[in-house]
Amino acid sequence: MLRPSVSVVLFSAVALGSFFVGCSSNTRTVKAASLKPVSDRKPAPDFALKDADGRIVHISDYKGKVVLLDFWATWCGPCRLEIPWFIELQRDNKDRGFEVLGVSMDDNGWEDVKPFLAEMKVNYRVVIGNDETAQIYGGVESLPTTFVIDRDGKIAVVHVGLTTTKKGFEDEVEQLLQPASKVALDRVFVPAFSLRPR
Amino acid sequence: MCLPFLFAQGSGHLTVGAIHKVEGKRNASVQAKIPVTVDAGFHVNSNTPSDDYLIPLKVIWTAKGALEGGELVYPKPSMEKVGGTDKPLSVFTGSLDILANFKVAATATAGPGAVAGKLSYQACNDRMCFPPKTIEISVPYQVD
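Here it is in structure tokens:
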């Protein structure tokens, strides 16, 4: 009588798992080359800044989510180019554990920023930055400077200036949003013959 | 608020050259030339930017001494598609001269002096922008 070996059963389980993870998720599999390896990522420094409603926002409030932290200003042309990309990213991914958080470096604060946000129909949270925040994020010498932060609150990639495309941001966010199991299955092939019954 | 820190960190991307001394008798009209150079690959918004949110290049006088007036004549800006914008922006690039027209006060005392002012601007290149910056300027004069 034919009796399936343990290795065959395990192989089938892994293969089926891959199949179902792939089919049950509506996400695409991407690999953003720009993302730092997990072991090289540093925690995003925490801050306490006010949003347009006067509520204090900490970056640590977002732990468990992928965050696109964008330092920008109303007077910055390249920043304005990116904002519609971020509006789209927020709209498409907010229910998947993703948030865009804008940090405006406008000297006049909400006086300039509020009308701008309304004009651009910005759908994500924005806070007003300060010297201290810029300093803890490495100086932020030019704008835009964008940090993409993983679910563990660690900085996965930094873009100083307009150094990537809309697709580039989409791929980075997508990769960070992929379930760990899917990423693992995409990255690691576990040969069935290496699994031995006890 | 947050920008002084950024000033300290960023480079200027614009320089003001030597402003030559102007000389005249009481009630005479004199003109000063403020030579400005924007670094290659960078631009600054003109004195009349295309958009209310953009920060203009402008000169203001803080102390005029024995001179009066100081009306400024900016060069004609160029309209350029820069920094990924879909519409052209009114910018200055390269070298330009800003002219300042003064009149020597009727009551001026003969001798040297200097008009003090500030030139403010905000620079960008195609990929990024730098915080607004202000440079102190001085127009030397001689009342004859």
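Sequence order for the protein chains is W and A. Take the first sequence: its letter number 198 is residue 186 in this note's numbering, and every next letter is one higher. Each position in the second sequence, counted from 1, maps to that position plus 6 in this note's numbering. Just so it is clear, CB atoms sit at the ideal spot from N, CA and C, and this is done for glycine as well. Treat the numbers as computed from the prediction; the structure is a model and nothing was measured.
Below the 7 Å Cβ cutoff, chain W contributes TRP63 as neighbours of LEU60(A), in chain order.
Counting other Cβ atoms within 10 Å of its Cβ, HIS147(W) reaches 16 or more and is therefore classed as buried. ILE40(A) counts as buried, since at least 16 other C-beta atoms from the protein chains shown sit within 10 angstroms of its C-beta. When secondary structure is reduced to three states using DSSP, CYS67(W) falls in the helix class.
Listed along the chain, the chain A residues whose CB falls inside 8 Å of the CB of VAL148(W) are MET134. Note: GLY117(A) is bridge-paired with VAL149(A) in the DSSP secondary-structure output. Inter-residue distance for PRO146(A) and ASN51(A) is about 27 Å (C-alpha atoms, whole angstroms). Beta-bridge analysis with DSSP links ALA69(A) to ALA122(A). Selection LYS19(W), ILE124(W) and VAL101(W) evaluated against ARG113(W) yields VAL101(W) as nearest (Cα-Cα). As for any beta strand (DSSP E) of minimum length 3 sitting wholly inside the stretch 27 to 98 of chain W, the runs are 36 to 38, 44 to 46, 54 to 60 and 86 to 92, ordered along the chain. Assigned with DSSP and collapsed to three states, ASP119(W) falls in helix.
For ALA106(W), the three-state secondary structure derived from DSSP is helix. Contact with chain W is found for THR91(A), since one of that chain's Cβ atoms lies less than 8 Å from the residue's Cβ. Of all residues in the stretch 87 to 108 of chain W, only MET93, ASP95, GLY97, ASP100 and PHE104 place a beta-carbon less than 8 Å from a beta-carbon of chain A. Residues are counted here when their Cβ sits less than 8 Å from a Cβ of chain W; for the stretch 67 to 92 of chain A these are VAL88, GLY89, GLY90 and THR91, given in chain order. In the DSSP secondary-structure assignment, PRO41(A) is bridged to ASP103(A). In this model, HIS46(W) and LEU63(A) are separated by some 36 Å (Cα to Cα). Taking the Cβ atoms as the reference, ASN131(A) lies roughly 5 Å from PHE48(A), within the contact range of under 8 Å. Taking C-alpha positions only, LEU77(W) is separated from PHE136(A) by approximately 26 Å.
By the C-beta criterion, the stretch 68 to 84 of chain W is judged not to be in contact with the stretch 97 to 104 of chain A, since fewer than 3 inter-stretch pairs fall below 8 Å. Annotation: Cβ neighbours of PRO66(W) in chain A (cutoff 8 Å, chain order): GLY89, GLY90, CYS130, ASP132, ARG133, MET134 and CYS135. For THR151(W), the nearest CB of chain A lies under 8 Å from its own CB, placing it at the interface with that chain. DSSP places LYS139(A) within a strand segment (E or B) once states are collapsed to three. A distance below 7 Å between beta-carbons, with the five flanking residues on each side excluded, links PRO33(W) to the following residues of its chain, in chain order: ILE124 and TYR125.
Per DSSP, reduced to three states, the secondary structure at PHE48(A) is coil, with no helix or strand assignment. Going by beta carbons, LEU69(W) and LEU150(W) fall inside the 8 Å limit. Cβ-Cβ distances below 7 Å link ILE143(W) to ARG29, LYS30, ALA32, PHE135 and ILE137 in the same chain, with the five nearest sequence neighbours on each side left out; the list follows chain order. The three-state reading of DSSP puts ILE124(W) in helix, counting H, G and I together.
For TYR127(A), the beta-bridge partners assigned by DSSP are LYS139(A).
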